[in-house]
Amino acid sequence: MSGTRLPSQRAPATEALIVSHGQPSDAQAGEDQLRMQAEKIQALLPGWHIRSATLAAPGALEQELDAFSGKPFLFPMFMADGWFINTALPKRLGDREVHQLSPLGVLPGLPHQTVKYLKAEAKRRNWSWNSCDVMIAAHGSVTGPAAAECANYFARRVQTLMTFKQKVRTGFLAEEPFLSQVARFSTARTLLLPFLAGVGSHLTDDIPEELEKGKFRGVLLPPVGEAPFVPKLIAHSLKSAEQKALNFDPMNKERLVVSFVPPEAASTPAPDPADPIEANKVSHRPSGSKGRSQSAAAKLLKLLQGFRSFPSGTHTNRLKAS
-5 MSGTRLPSQR
5 APATEALIVS
15 HGQPSDAQAG
25 EDQLRMQAEK
35 IQALLPGWHI
45 RSATLAAPGA
55 LEQELDAFSG
65 KPFLFPMFMA
75 DGWFINTALP
85 KRLGDREVHQ
95 LSPLGVLPGL
105 PHQTVKYLKA
115 EAKRRNWSWN
125 SCDVMIAAHG
135 SVTGPAAAEC
145 ANYFARRVQT
155 LMTFKQKVRT
165 GFLAEEPFLS
175 QVARFSTART
185 LLLPFLAGVG
195 SHLTDDIPEE
205 LEKGKFRGVL
215 LPPVGEAPFV
225 PKLIAHSLKS
235 AEQKALNFDP
245 MNKERLVVSF
255 VPPEAASTPA
265 PDPADPIEAN
275 KVSHRPSGSK
285 GRSQSAAAKL
295 LKLLQGFRSF
305 PSGTHTNRLK
315 AS
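Numbered according to the numbering used here, the sequence shown spans residues -5 to 316.
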């Protein structure tokens, strides 16, 4: 029997939806911005069908989900594993089945790619990397700790990866330490990176206002969600999730992508109580995540020892945010 596929027979496209908060004050602008990001991801994933929708645009998420023919992968363009991921988004999904991945802000590869990006920005300005310092501008929250913990965890990982161990400070718009306080520590060679998913009023209005209060002297960069490496990072995350879904255990309720694998407490420098503004005050495991702290080697060994295959058609459980 021949295994040749007829020219008219094609494997169905893998489907994915990129979701962000969007811009409540200008919903269409948020939709257009996210659509451009989705197009960049689409170009990196031939054979996929990538759509996008923001929560701020009324009915956009539901409309895009209903257009899919199967069970799509859902990638949240959010920076924190908090209320939007664990409450608002599942509520909007309703009974629709999706493979939900971890949000952009907690992807394991984000800190490493960010450091490479910051080095390139310094080089573009003819600055030596060891003469620069880095600041992170994040939103924070007055209703829960997840937003600040995710931003601080990201800042700690960035600082760990910096060659000369420069101090990385984090300032917030909605909680202390406020960005205006942190901005006072800036120099002419401070690179300020907004820990935001995209362009909006926080970037155009709120952050500049805080920087003016703090007499900021450095350079304000585009938000991390607009960094040139982000489409490739998201494409890699989607591809990895697809591969894991092929051998998905329906009894395993964990995310397709583990949010956090924090370093052991013994290997992480203790916070400096004398400096409440520096990023090192973050807890070792952000409460917004329930990811397992299991090494890649241990996971591979477990996979090899306990591999089981499941027949097609058994992957019916919706992966909700843990």
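Note that beta-carbon positions come from the ideal geometry of N, C-alpha and C, so glycine has one too.
Contacting residues, own chain, Cβ-Cβ under 7 Å from residue i (five flanking each side not counted)
{"i": "residue 27", "result": "192, 193"}
Three-state class that DSSP yields for residue i in the structure shown
{"i": "residue 121", "result": "coil"}
{"i": "residue 191", "result": "coil"}
{"i": "residue 30", "result": "helix"}
{"i": "residue 109", "result": "helix"}
{"i": "residue 98", "result": "helix"}
{"i": "residue 92", "result": "coil"}
{"i": "residue 15", "result": "coil"}
{"i": "residue 135", "result": "coil"}
{"i": "residue 9", "result": "strand"}
{"i": "residue 232", "result": "helix"}
{"i": "residue 174", "result": "helix"}
{"i": "residue 200", "result": "helix"}
{"i": "residue 127", "result": "strand"}
{"i": "residue 86", "result": "helix"}
{"i": "residue 167", "result": "coil"}
{"i": "residue 49", "result": "coil"}
{"i": "residue 210", "result": "coil"}
{"i": "residue 70", "result": "strand"}
{"i": "residue 81", "result": "helix"}
Backbone CA spacing between residue i and residue j [nearest angstrom]
{"i": "residue 205", "j": "residue 178", "result": "9 Å"}
{"i": "residue 236", "j": "residue 15", "result": "24 Å"}
{"i": "residue 0", "j": "residue 41", "result": "At residue 0 the pLDDT is 43, less than 50, meaning the model places this residue with poor confidence and gives no usable figure here."}
{"i": "residue 9", "j": "residue 120", "result": "43 Å"}
{"i": "residue 96", "j": "residue 154", "result": "22 Å"}
{"i": "residue 70", "j": "residue 217", "result": "16 Å"}
{"i": "residue 130", "j": "residue 82", "result": "26 Å"}
{"i": "residue 23", "j": "residue 30", "result": "11 Å"}
{"i": "residue 202", "j": "residue 73", "result": "20 Å"}
{"i": "residue 151", "j": "residue 105", "result": "6 Å"}
{"i": "residue 140", "j": "residue 211", "result": "29 Å"}
{"i": "residue 166", "j": "residue 80", "result": "22 Å"}
{"i": "residue 190", "j": "residue 241", "result": "33 Å"}
{"i": "residue 77", "j": "residue 198", "result": "24 Å"}
{"i": "residue 60", "j": "residue 35", "result": "21 Å"}
{"i": "residue 58", "j": "residue 225", "result": "20 Å"}
{"i": "residue 84", "j": "residue 111", "result": "33 Å"}
{"i": "residue 164", "j": "residue 239", "result": "36 Å"}
{"i": "residue 147", "j": "residue 63", "result": "38 Å"}
Cut-off 6 Å between Cβ atoms - residues of its own chain near residue i, not counting five sequence neighbours on either side
{"i": "residue 32", "result": "12, 44, 46"}
{"i": "residue 207", "result": "174"}
{"i": "residue 39", "result": "229"}
{"i": "residue 67", "result": "10, 93, 232, 235"}
{"i": "residue 180", "result": "210, 211, 212"}
{"i": "residue 268", "result": "Residue placement at residue 268 is poorly supported in this model, since its pLDDT is 47, which falls under 50; the coordinates still yield a value, given next. Excluding sequence neighbours, residue 268 sits near nothing in its chain."}
{"i": "residue 98", "result": "71"}
Same chain, Cβ closer than 8 Å to residue i, neighbours up to 5 away in sequence not counted
{"i": "residue 338", "result": "With the chain covering only -5 through 316, there is no way to say anything about residue 338."}
{"i": "residue 195", "result": "17, 19"}
{"i": "residue 124", "result": "157, 158, 160"}
{"i": "residue 109", "result": "152, 155, 156"}
Nearest to residue i (by Cα), restricted to the options the options
{"i": "residue 127", "options": "158, 56, 184", "result": "184"}
{"i": "residue 86", "options": "105, 176, 50", "result": "50"}
{"i": "residue 182", "options": "199, 214, 172", "result": "214"}
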